[in-house]
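Protein chains in written order, with the numbering used here: chain A, 366 to 576; chain B, 18 to 237.
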């Protein structure tokens, strides 16, 4: 039975799931959501996502939402049949990967999201860009990236070997590179740049972003 | 069967995230030693602390023997993976793949919707007040509206259930400290208005581990 993914291919959380599906070599059907009102109906709230969000993944009878939860589920079910390790077995390694996932949620994503809201989403809606917010967010993410630059000394990936933590960071970082004026924050830090370039060059990433 | 005292926790008794880890330790039946960081919150930005403990200058930090881990949600997962079911019957992350998946979904609801809504109010009513500032009523009102919307959804999720995923899990535990602070900040009416949410919070705050956590936090 085919995995069904309800989402929007350009949405960051949907990208996170598609990257994971591609890394695990899984086929799936994307049910594209193009209009926001369709995910706010009583039916969608009752049966797909209680907060009216995408993505939602249906694997046979099993339904799960929230991109990071979906990805963890896919790894726990399908990693053993795939040629890749996104979450290792060792308890200490898994926990450090969870630590980096928490860094992503707490420190990495929020300032990047502020930049995206201004330079991509406001722009798209024809609303003015608040330069003060962009400036503050840029200062914030620069401090965060200084930390990442140290974490990545002598390492290609956050926990040494490639893992789900690196994957989770990619959609937001990449979007800032391709669609905003602030992408230089990554390029001016050699370890961070190497990290993102390594990710970009993975087959699953090329496949995801070609779609 | 008790664990040897190998667990050391750096944190503060009034930190939501530290309290979260203490609760997890208590729920799993684990002993630990709490060491507050000398110099308080301001000292978390010291070069030494940033280099050796937490690169973003935060608490808590947990040492299990020589293994160090930061970020409360990651610490809780580590403690669950390593110790759950060993000292008592409490299972925080189910072994079944589907139940684990749903637990992770609910943990994510906590980070995405529940905590952010409450943090706005707690920041105003507790942390800004501590700094001598008056809470901004506009922010408080907006925060209350958001919490109400979130709790509407939680009330539906909890229909016919004692805990978010049926049995008590990490998804419930993670939300206890911030909920407690919302009540201290005198916004408990929002929880009392929703029948299932009210019963759920009553259940959580009456758990032995929670009561012991509050004791430890007070004495920290």
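All C-beta atoms, glycine included, are put in the ideal place defined by N, C-alpha and C. Here the structure is a predicted model, which is why all the values come from computation and not from measurement.
Beta-carbon spacing of residue 368 (chain A), residue 391 (chain A) below 9 Å: Stepping through the first chain from its first residue, residue 368 (chain A) is reached at position 3. Stepping through the first chain from its first residue, residue 391 (chain A) is reached at position 26. Going by C-beta atoms, residue 368 (chain A) is nearer than 9 Å to residue 391 (chain A).
Chain B residues whose Cβ lies nearer than 7 Å to that of residue 458 (chain A): Locating residue 458 (chain A) in the first chain gives position 93, where the first residue counts as 1. Those within 7 Å of residue 458 (chain A) in chain B number zero; the least Cβ separation is about 11 Å.
Pair within 9 Å by beta-carbon distance, residue 45 (chain B) and residue 122 (chain B): Numbered from its first residue, the second chain carries residue 45 (chain B) at position 28. Numbered from its first residue, the second chain carries residue 122 (chain B) at position 105. Against a cut-off of 9 Å, the Cβ pair of residue 122 (chain B) and residue 45 (chain B) comes out as no contact.
Separation of residue 524 (chain A) from residue 109 (chain B), as counted between CA atoms: The residue you call residue 109 (chain B) lines up with position 92 of the second chain. The residue you call residue 524 (chain A) lines up with position 159 of the first chain. Whole-angstrom Cα-Cα distance: 25 Å.
For residue 81 (chain B), the residue or residues it bridges with in DSSP: In the second chain, counting from the first residue as 1, residue 81 (chain B) sits at position 64. According to DSSP, residue 81 (chain B) bridges with B:24, B:84.
Cβ-Cβ distance between residue 370 (chain A) and residue 466 (chain A) below 9 Å: Within the first chain, the letter at position 5 stands for residue 370 (chain A). Within the first chain, the letter at position 101 stands for residue 466 (chain A). It is not a contact, given that the beta carbons lie outside the stated cut-off.
Amino acids of chain B, ordered along the chain, whose beta-carbon sits closer than 8 Å to that of residue 431 (chain A): In the first chain, counting from the first residue as 1, residue 431 (chain A) sits at position 66. By Cβ distance, chain B contributes 121, 122, 125, 126, 129.
Residue 18 (chain B) versus residue 386 (chain A): straight-line alpha-carbon distance, rounded: To locate residue 18 (chain B), count along the second chain from 1; it is residue 1. To locate residue 386 (chain A), count along the first chain from 1; it is residue 21. In this prediction, residue 18 (chain B) has a pLDDT of 49, which is less than 50 and means its spatial position is unreliable; nothing more can be read from the coordinates.
Selected residue, minimal CA-CA separation from residue 323 (chain A), among A:375, A:512, A:450: Outside the shown range of chain A (366 to 576) lies residue 323 (chain A), about which nothing can therefore be said.
Identity of the residue in B:63, B:131, B:59 nearest residue 195 (chain B) by Cα: Sequence index remark: in the second chain, residue 195 (chain B) carries index 178 (1-based). Among B:63, B:131, B:59, the Cα nearest to that of residue 195 (chain B) belongs to B:131.
Outcome for residue 155 (chain B) when other beta-carbon atoms lying within 10 angstroms are tallied against a minimum of 16: Counted from its first residue, the second chain places residue 155 (chain B) at position 138. Flag for residue 155 (chain B) reads exposed.
Paired residues, beta bridge with residue 428 (chain A) - DSSP: Here residue 428 (chain A) refers to the residue found at position 63 when the first chain is read from its first residue. DSSP, once it has assigned bridges, lists A:423 as partnering residue 428 (chain A).
Positions along the region 91-105 of chain B whose CB lies within less than 7 Å of some CB in chain A: 91, 94, 95, 98, 99
With 16 other Cβ atoms within 10 Å as the buried cut-off, status of residue 186 (chain B): Position 169 of the second chain, counting from 1, holds the residue named residue 186 (chain B). Buried is the call here.
Short CB-CB distance (under 9 Å) between residue 413 (chain A) and chain B: As a position in the first chain, residue 413 (chain A) is number 48, starting the count at 1. No, no contact with chain B.
Residue 170 (chain B): contacting residues in chain A (beta-carbon distance under 7 Å): Within the second chain, residue 170 (chain B) is the residue found at index 153, counting from 1. Within chain A, the residues near residue 170 (chain B) are 415, 416.
Proximity winner among B:58, B:96, B:210, relative to residue 41 (chain B) (alpha-carbon distances): Your numbering for residue 41 (chain B) matches position 24 in the second chain. The candidate whose alpha carbon is nearest that of residue 41 (chain B) is B:96.
Heavy atom of the ligand COA within 8 Å of residue 201 (chain B) beta-carbon: Looking at this structure, you won't find the ligand COA or any other ligand, since it has none at all.
CB contact flag (residue 459 (chain A), residue 98 (chain B), <9 Å): Residue numbering aside, residue 459 (chain A) sits at position 94 when the first chain is read from its first letter. Residue numbering aside, residue 98 (chain B) sits at position 81 when the second chain is read from its first letter. Yes, the pair counts as a contact, with Cβ atoms nearer than the cut-off.
8 Å contact criterion, which residue 191 (chain B) and residue 118 (chain B) should meet: CB distance rounded: As a working mapping, residue 191 (chain B) is identified with position 174 in the second chain. As a working mapping, residue 118 (chain B) is identified with position 101 in the second chain. Going by Cβ atoms, the distance from residue 191 (chain B) to residue 118 (chain B) rounds to 16 Å, so no, they are not a contact pair.
Interface flag, residue 52 (chain B) vs chain A, CB-CB below 9 Å: Your numbering for residue 52 (chain B) matches position 35 in the second chain. Chain A contact via Cβ: absent.
Between the CA atoms of residue 104 (chain B) and residue 507 (chain A) - distance to the nearest angstrom: Residue 507 (chain A) sits at position 142 when you count from the first residue of the first chain. Residue 104 (chain B) sits at position 87 when you count from the first residue of the second chain. Answer to the nearest angstrom: the Cα atoms are 44 Å apart.
Segment contact, 8 Å Cβ cut-off, at least three pairs: the region 471-486 of chain A with the region 436-450 of chain A: no
Through-space distance from residue 441 (chain A) to residue 229 (chain B), alpha-carbon basis: Within the second chain, residue 229 (chain B) is the residue found at index 212, counting from 1. Within the first chain, residue 441 (chain A) is the residue found at index 76, counting from 1. Answer to the nearest angstrom: the Cα atoms are 34 Å apart.
Below-9 Å beta-carbon distance, residue 483 (chain A) vs any chain B residue: In the first chain, residue 483 (chain A) corresponds to position 118, counting from 1. Residue 483 (chain A) does not count as touching chain B.
Supposed close pair residue 80 (chain B), residue 25 (chain B) - CB separation, criterion 8 Å: In the second chain, the residue the question calls residue 80 (chain B) occupies position 63. In the second chain, the residue the question calls residue 25 (chain B) occupies position 8. With a Cβ gap of about 4 Å, residue 80 (chain B) and residue 25 (chain B) count as contacting.
Backbone CA spacing between residue 422 (chain A) and residue 438 (chain A) [nearest angstrom]: Within the first chain, residue 422 (chain A) is the residue found at index 57, counting from 1. Within the first chain, residue 438 (chain A) is the residue found at index 73, counting from 1. One C-alpha to the other measures close to 10 Å.
Helix, strand or coil at residue 192 (chain B) according to DSSP, with G and I counted as helix: Walking along the second chain from the start, residue 192 (chain B) turns up at place 175. Looking at residue 192 (chain B) - three-state DSSP - the assignment turns out to be coil, as it is neither helix nor strand.
Where residue 51 (chain B) falls: helix, strand or coil (DSSP): What you label residue 51 (chain B) is simply residue 34 of the second chain in a count that begins at 1. If DSSP states are grouped into helix, strand and coil, residue 51 (chain B) belongs with the strands.
For residue 58 (chain B) and residue 254 (chain B), the rounded distance between their alpha carbons: Since the displayed chain B opens at 18 and closes at 237, residue 254 (chain B) lies outside it and no answer follows.
CB contact below 9 Å: residue 442 (chain A) versus chain B: Locating residue 442 (chain A) in the first chain gives position 77, counting from the first residue. Chain B contact via Cβ: present.
C-beta neighbour in chain A for residue 88 (chain B), strict 9 Å: Along the second chain, one-based indexing puts residue 88 (chain B) at 71. Yes, because at least one Cβ of chain A sits closer than 9 Å to the Cβ of residue 88 (chain B).
Test: residue 464 (chain A) CB closer than 9 Å to a CB of chain B: As a working mapping, residue 464 (chain A) is identified with position 99 in the first chain. It does: the Cβ of residue 464 (chain A) has a partner Cβ on chain B nearer than 9 Å.
C-alpha distance - residue 202 (chain B) paired with residue 125 (chain B), whole-angstrom precision: Taking the second chain and counting its residues from 1, one reaches residue 202 (chain B) at position 185. Taking the second chain and counting its residues from 1, one reaches residue 125 (chain B) at position 108. So the two alpha carbons sit approximately 24 Å from each other.
The region 466-478 of chain A: positions lying closer than 8 Å to chain B by Cβ: 466, 467, 468, 470, 471, 472
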